[in-house]
Amino acid sequence: MDDKRILDAVRSPADLKLLSDEELALLACEIREEIVTVTSQTGGHVASSLGAVEIILAAHSLLDCPTDKLVFDVGHQAYAHKLVTGRLDLFDTLRTYGGVSGFPKPDESPYDVHPSGHASDSLSVALGLAKARDLRGGTEKVVAVIGDAALSGGMAFEALNHIGQAQTPLVIILNDNEMSISRNVGALMKHLGYMRASTQYRQTRDSLQEKLESSGPFGTALANFGRNMKESMKQFVIPRSMIFEQLGILCTAPIDGHDIGALRETLSTVLATDGPVLMHVVTKKGAGYEPASRNPERFHGVGPYDIATGELVKKEAAAPSYTDVFGQAIVREARQNPDIVAITAAMKDGTGLAPFAEEFPDRFVDAGIAEEHAVGMAAGLAAGGKKPVVAIYSTFLQRAIDQMTINCALQGLDVVFAIDRAGIVGEDGPTHHGMFDLAYTRMVPHLRVLAPSNEAELAGALHTALALGGPFAIRYPRGTAEGVPVPDEPPLFEPGRANVVREGDDVAILAFGRMVSRAVGAGELLAERGVQARVVDMRWVKPLDVQAIAAAARTKLVVTVEGGVLAGGVGEGVLAELARMGSSTPALTLGIPDEFVPQGKVDLLLHDLGLDAQGIAAAVEKRL
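The sequence shown begins at 7 in my numbering and counts up by one.
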């Protein structure tokens with residue numbers, strides 16, 4: 007071959023069918039180089055995508071997509087899929103505004119089956135696709151790729167149970183990389199670990215093959231018969247005791263997920279099976295790039311980095327992140343209160359709980375990718391006299407609204423929900439924006455909700471929630487805080503009392519959380535134009551400060567600004583209070599409209615939404 011890469015000649019998965027196993031192995035190396043080169047500039051989910059390259063190449067070389075369906079769980083591992091489905095020329099725009107999504111996205115490509123951004127949903131989607139195929143008499147193949155960590159999620163277990171009962175043909179590729187975002191949790195993970203460590207299957211396979219081939223012509227013929235029937239020796243030995251078998255799903259012995267020949271041989275066999283099959287593939291996260299393979303957790307979701315060293319390329323932050331502030335605050339509270347227990351769902355580092363886990367290992371619980379279980383367990387801990395703090399990203403806590411409502415709030419239990427990544431989160435896009443927590447927490451009876459506007463307020467919010475008791479939610483954004491000093495002794499907030507941060511008589515801007523600093527900026531811009539704006543840090547989402555709202559109604563215009571959806575949001579709560587007061591003062595609600603927000607830098611997205619200082623000021627001027 008000349009200097010031109012194999013990758014440059016691949017415009018669709020059909021091109022992979024022309025390549026030998028050796029050429030596919032070379033292509034895998036080129037894809038890894040491309041992923042590292044691009045993500046070093048854009049950031050992204052590096053380790054998981056590097057680990058899944060051969061799986062994706064094997065699948066696309068045997069399937070006829072998009073007629074056949076390749077369903078990804080989460081989508082962290084799908085970069086190679088994007089590169090071989092016609093998006094190579096755009097791949098350098100990965101995760102940027104208007105660029106290639108970091109996750110499968112159906113309106114981006116017909117090869118992307120569903121917008122996977124949350125874990126454990128692929129098997130349900132795959133079964134639905136297979137059922138639809140059967141109902142219309144189709145023949146297309148359905149293959150789901152799911153990681154071992156996502157397989158521990160409750161939704162995946164529910165789907166496995168149904169798949170075993172339905173017995174419709176589909177293939178589950180279990181990408182067993184021994185590594186989720188944080189340490190895997192659960193009995194199934196221990197079982198998979200045993201499978202990885204055991205040599206029983208390989209030894210039995212090899213012994214059987216040797217005996218057959220050494221027993222004479224009949225034995226050799228029998229061995230060849232197995233091959234001719236596309237039943238490789240890897241499939242002669244099946245772990246009959248595995249949970250998958252008990253559910254009615256045939257399961258292969260573990261195979262090397264970086265051996266393209268073995269992958270294609272095995273996959274071609276299981277694709278011909280007339281029922282559900284789980285193909286157990288063992289891979290290494292970060293394969294092919296030493297910094298990522300050495301530290302896959304760090305390279306799960308990473309910003310721009312130096313390729314040579316793997317070190318992050320970032321400017322010195324003027325302030326700590328909200329996540330780090332929370333992590334420090336809960337450690338401080340836990341030193342004073344031995345009943346505090348911290349819970350997360352496979353996000354120990356992402357939620358800032360690593361220092362807590364190190365100092366209080368017996369009081370730290372990682373429930374795995376199982377948000378419903380995490381919240382339900384928190385209810386049990388609270389009923390048992392403990393003070394659980396559940397730290398979960400806003401977008402993932404959506405899964406546990408039922409448990410938040412019935413298990414926790416209905417009983418008035420002392421459970422604190424630390425809702426990280428609230429509001430616009432940036433490059434991960436619509437599946438990860440925390441747009442809905444203001445709406446779903448407002449609707450839950452007995453649940454009090456705080457939206458701190460800076461790091462000092464965050465520390466105070468946590469202290470208040472733990473001191474007052476009952477179900478509490480605290481929502482705070484991703485990224486750098488405001489640079490406000492955190493007091494050694496955080497304050498105790500009076501329930502339902504806001505804080506006026508700027509005086510003015512013309513208009514009142516009632517702002518929540520991150521929007522306070524933007525509202526202050528808008529107030530300054532309006533002052534330059536002769537409009538005096540009062541800016542109120544509302545602090546409390548529930549209960550609202552009715553006195554602050556009444557005072558706002560005495561101006562010419564009441565404006566609410568929130569970093570969540572307007573439908574069901576806190577702005578509507580303010581409007582309801584104004585209606586109860588019989589106020590005739592005009593009101594304007596600013597927030598996220600009834601649409602999903604794309605990926606991009608946070609400041610750019612807030613500008614597009616009219617939620618930066620300039621946008622707020624312009625909206626006020628237009629309405630006055």
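A virtual CB, placed ideally from N, CA and C, is assigned to each residue, including glycine. Please read these numbers as outputs of a predicted model, since none were measured by experiment.
Check, Outcome
"Please say whether leucine 453 and alanine 479 have beta carbons closer to each other than 9 angstroms?", "yes"
"Go ahead and label phenylalanine 602 buried or exposed: buried means 16 or more other beta carbons lie within 10 angstroms of its beta carbon, across all protein chains shown.", "exposed"
"Give me the Cα-Cα distance between serine 67 and proline 282, rounded to the nearest whole angstrom.", "20 angstroms"
"Thinking C-alpha only, which one of Arg508, Ala582, Glu461, Val513 is nearest aspartate 493?", "Going by the sequence as given, residue 493 is proline instead of aspartate. Out of Arg508, Ala582, Glu461, Val513, Glu461 has the C-alpha closest to the C-alpha of proline 493."
"Rounded to a whole number of angstroms, what is the C-alpha to C-alpha distance between alanine 384 and valine 119?", "35 angstroms"
"Starting from the Cα of glutamate 495, find the closest Cα among Thr470, Val506, Tyr482, Ala504 and give me that residue.", "Thr470"
"Would you say the stretch 403 to 411 touches the stretch 580 to 589, given that touching needs at least three Cβ pairs under 8 angstroms?", "no"
"I need the straight-line Cα distance from serine 1 to leucine 63, nearest angstrom please.", "With the chain covering only 7 through 630, there is no way to say anything about residue 1."
"Output the distance between the C-alpha atoms of alanine 539 and alanine 558, rounded to the nearest integer angstrom.", "10 angstroms"
"So who's on the other strand from alanine 125, going by DSSP bridges?", "Beta-bridge pairing links alanine 125 to no other residue."
"Just the Cα atoms here: how many angstroms apart are isoleucine 313 and glutamate 296?", "10 angstroms"
"Could you have a look at phenylalanine 423 and say whether DSSP puts it in helix, strand or coil?", "strand"
"Closer than 7 angstroms by C-beta to methionine 235: which residues in its own chain qualify, once you throw out the five before and the five after it? Chain order, please.", "Residue confidence for methionine 235 is low, a pLDDT of 37 falling below 50, so the modelled location carries little weight; the figure read from the coordinates is stated next. Nothing listed; no residue qualifies."
"By the three-class DSSP mapping on this structure, what secondary structure does glutamate 568 have?", "strand"
"Beta strand (DSSP E) containing leucine 596: first to last residue?", "593 to 598"
"Indicate whether arginine 484 and serine 327 have their beta-carbon atoms separated by less than 9 angstroms.", "yes"
"With H, G and I counted as helix, E and B as strand and the rest as coil, what does DSSP make of alanine 479?", "strand"
"Beta-carbon within less than 8 angstroms of arginine 101's beta-carbon, same chain only, minus the 5 sequence neighbours each way: which residues are those?", "Thr48, Gly49, Gly50, Ser107, Gly108, Glu433, Asp434, Gly435, Gln605"
"May I ask you to report which of helix, strand or coil DSSP gives aspartate 368?", "helix"
"At which residues does the beta strand (DSSP E) containing phenylalanine 78 begin and terminate?", "75 to 78"
"Find the nearest neighbour of alanine 528 within the set Trp546, Val52, Arg508, judged by alpha-carbon distance.", "Arg508"
"So what's isoleucine 12 in DSSP terms, helix, strand or just coil?", "coil"
"Considering only the alpha carbon of each residue, which of Glu377, Glu28, Gly333 lies closest to glycine 356?", "Gly333"
"DSSP puts leucine 531 in a beta bridge; with which residues?", "DSSP lists no partner for leucine 531."
"In the DSSP assignment, the beta strand (DSSP E) including aspartate 182 goes from what residue to what residue?", "176 to 182"
"With DSSP as the reference, please indicate the residues paired to cysteine 257 in a beta bridge.", "Leu284"
"Drop a sphere of 10 angstroms on the beta-carbon of alanine 582, count the other beta-carbons inside from all chains shown, and report buried for 16 or more, exposed for fewer.", "exposed"
"Which ranges would you report for the beta strand (DSSP E) in the stretch 314 to 378 if only whole runs of at least 3 residues count?", "346 to 350, 370 to 372"
"Between valine 522 and serine 459, what straight-line distance do the alpha-carbon atoms span, to the nearest angstrom?", "6 angstroms"
"To the nearest angstrom, how far is it from the Cα of aspartate 600 to the Cα of alanine 573?", "7 angstroms"
"Threshold first: 4 residues or longer. Then list the alpha helix (DSSP H) segments lying entirely within the stretch 109 to 163, N to C.", "128 to 142, 154 to 157"
"Ordered along the chain, which non-local residues of its own chain (more than five positions away) have a Cβ less than 8 angstroms from that of lysine 562?", "Asp512, Val513, Thr591, Pro592, Leu630"
"For aspartate 212, count the other beta carbons within 10 Å of its own beta carbon; 16 or more makes it buried, fewer makes it exposed. Which is it?", "Note that aspartate 212 scores a pLDDT of 48, beneath 50, so its modelled location is shaky and nothing firm can be said."
"Looking at the strands, I want to know which residues DSSP matches up with proline 394.", "Val347"
"Grab me the residues of serine 419's own chain with a C-beta within less than 7 angstroms of its C-beta, minus the 5 sequence neighbours each way, in chain order.", "According to the sequence provided, residue 419 is leucine. The question's serine does not apply to it. If we look at leucine 419 and ignore the five residues flanking it on each side, its Cβ neighbours are Ala385, Ala388, Ala389, Pro477."
"Taking Cβ positions, are threonine 73 and alanine 323 nearer each other than 9 angstroms?", "no"
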